[in-house]
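Reading through the structure tokens given below for one structure.
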Amino acid sequence: MDIIQVAFDSPEKQAVVGCFSTPQPEDQYPYQEAVPVNDERLLAFYAAVPESQKGIVPIPTE
Numbered sequence: 085m086d087i088i089q090v091a092f093d094s095p096e097k098q099a100v101v102g103c104f105s106t107p108q109p110e111d112q113y114p115y116q117e118a119v120p121v122n123d124e125r126l127l128a129f130y131a132a133v134p135e136s137q138k139g140i141v142p143i144p145t146e
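What follows is the structure, encoded as structure tokens:
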């Protein structure tokens, strides 16, 4: 099972705001953990990202 580092929007980790190949600085992305690539929250994140932005890249949040 592939694992990916994910940044979440809150301590409850309801929504994914970015995904990375390695852990990111805690001060920039305080809520993060490694999750399986088939995690429902990660799949929902990918579904919401435009095709042109797909890939293991941080997605800026407002």
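Just add 84 to wherever you are in the sequence shown, counting from 1, and you've got my numbering.
C-beta: ideal position from N, C-alpha, C; glycine also.
These numbers were taken from a predicted model, which means no experiment stands behind them.
For P129, the nearest candidate out of D86, D93, T106 (CA to CA) | The residue asked about is misnamed: residue 129 is Phe in this sequence, not Pro. Of the candidates D86, D93, T106, the one whose C-alpha sits nearest the C-alpha of F129 is D93.
Does DSSP classify E117 as helix, strand or coil?
-> Looking at E117 - three-state DSSP - the assignment turns out to be strand.
Using DSSP bridges, identify the partner residues of F92.
-> According to DSSP, F92 bridges with V100.
When we look at the beta-carbon of Q116 and count the other beta-carbons within 10 Å, is it buried (16 or more) or exposed?
-> Classification for Q116: buried.
Alpha helix (DSSP H) segment containing E110, residue limits = Counting along the chain, E110 falls outside any alpha helix (DSSP H), and DSSP gives it neither H nor E.
Proximity winner among N122, V101, V119, A118, relative to Q112 (alpha-carbon distances) = Cα-wise, what sits closest to Q112 is V101.
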